[in-house]
Amino acid sequence: MPSDVRVIAFPGAPNLPVFAALERGYFAEEGVDVALTTTPSSVFQMEKFNEGAFDIAFTAFDNIVAYREGMGAVPLSNASDFRVIMGATQVELSAITAPDIKQAADLRGKTLALDAVGTGFAFVLYAMLEQLGLGAKDYTPVAVGATPERWKSVQEGAHAGTITIEPFTSIAAKAGFNVLRKSTDAFPAYQGGIVATRQSWAVENAEAVRAFIRGYLKGLAWTLTPENRAAAAVLLQAKMPEIKPGVVDAVLASVLSPRSGLTPQAAIRPEGMQRVLDLRSQWGGSGRRLSGFDKYTDLSFYEAARSGT
């Protein structure tokens, strides 16, 4: 009988390997029945993950760090149980602005839509704007929610800008919105997306965790195979109909690049993880210098899944 695994992820093109593993039966081959839910915000995701409503979270590495360190947007009772079990994406984050905001200076006195004002992706935006000459007092960050909600708020004129991932970056650019800066231009490496679980659940369900990882890696391998690009485009558009034919090539180019998207073999990037810690140390407001990403990880399930043990 298949093991049930409940997954919560942010909406976005980086979910393509999960879509592939579901559609092509890779999870089923490994004996896991995976149910995928997308989250409206990082707070919702982390609260439900903490409560045990979900077993696996595709989330930002910084979310795990923040809640483990007691710096999260809300207090969580079981955050010490959170562990990163494999990588997911380098992730390209883009500073998107309304058509009339042509340069960073135009953002002075304006509001920016964010998931939450103290998350890792927010720190990336703050750092990019600092590189473009803006200080923290030049704009006002506002908590709005996940990328679809943020993008909608900028479209409707409620906020002057936001930070996006694919496909929303390409959709925005196609619609005449401005891309002021991308994280891939700002930092040589940034471990944006990871896969996490709760250690207590993983220990009790070790084979299900390993089976999930094996299924995901099959989906990732299929996604990254060049011969499957056309089929991947069809699958992505079927799962995310907001991706129109005119932008799907740009979306895939970003997501399939190891510099801006999916990480080959779902490996973690040590330099990218350290970048996350550095940004939280700089912008997190605690005055603490964070180092040593190993304490947030347990790669034993990943290593066992890859070795076949």
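Its first residue numbered 10, the sequence shown is counted upward by one per residue in my numbering.
The C-beta atom is built at its ideal place from N, Cα and C for all residues, glycine as well.
Since the structure is predicted, the reported quantities are computational estimates derived from the model, not experimental observations.
The beta strand (DSSP E) spanning A304 covers which residue range?
-> Reading off the sequence, residue 304 comes out as Lys, not Ala. No beta strand (DSSP E) holds K304; DSSP gives it neither H nor E.
If you follow the beta strand (DSSP E) that L121 is part of, which residue opens it and which one closes it?
-> 120-123
Where the beta strand (DSSP E) containing R92 begins and where it ends = 91-98
Write down every uninterrupted run of the beta strand (DSSP E) in the segment 195-249 whose length is 3 residues or greater and which is fully enclosed by it, in chain order.
-> 202-207
Under 8 Å Cβ to Cβ from D307, same chain only, skipping five residues before and after it: list those, please.
-> R92, V93, I94, Q208, A211
Quick one: is M55 buried, meaning 16 or more other Cβ sit within 10 Å of its Cβ, or exposed?
-> buried
How would you write the range of the alpha helix (DSSP H) that V74 sits in, first residue to last?
-> 70-77
Is R284 buried or exposed, if buried means 16 or more other CB atoms sit within 10 Å of its CB?
-> buried
Specify, as a first and last residue, the run of the beta strand (DSSP E) that S12 falls within.
-> 12-18
Out of V74, D124, V153, which has the shortest C-alpha to C-alpha gap to G301?
-> V74
What's the gap between the Cα of A242 and the Cα of V260?
-> 9 Å
Shortest alpha-carbon distance to A240 belongs to which of E39, L226, V257?
-> V257
Relative to the alpha-carbon of D42, which residue among Y76, G224, R315, G21 has its alpha-carbon at the smallest distance?
-> G224
Count the other CB atoms within 10 Å of the CB of R159; is the residue buried (16 or more) or exposed (fewer)?
-> buried
Can you tell which of F70, Q112, T46 has its C-alpha closest to the C-alpha of F63?
-> T46
Beta-carbon proximity list for G154, same chain, < 7 Å, skipping 5 on both sides = P49, S50, D124
Cβ shell of D71 (< 8 Å), same chain only, five flanking positions each side left out | T128, G129, F130, F132, V285, L288, R289
Limits of the unbroken alpha helix (DSSP H) element including G170 = No alpha helix (DSSP H) contains G170, which is instead part of the beta strand (DSSP E) from 170-173.
Collapsed DSSP secondary structure at P108 in the structure displayed = coil
Contact the segment 192-201 vs the segment 100-117: 3+ CB pairs below 8 Å | yes
Find out if the Cβ-Cβ distance for the pair P108, F186 is shorter than 9 Å.
-> yes
Alpha carbon to alpha carbon, how far is A167 from Y35? Give it in angstroms, no decimals.
-> 42 Å
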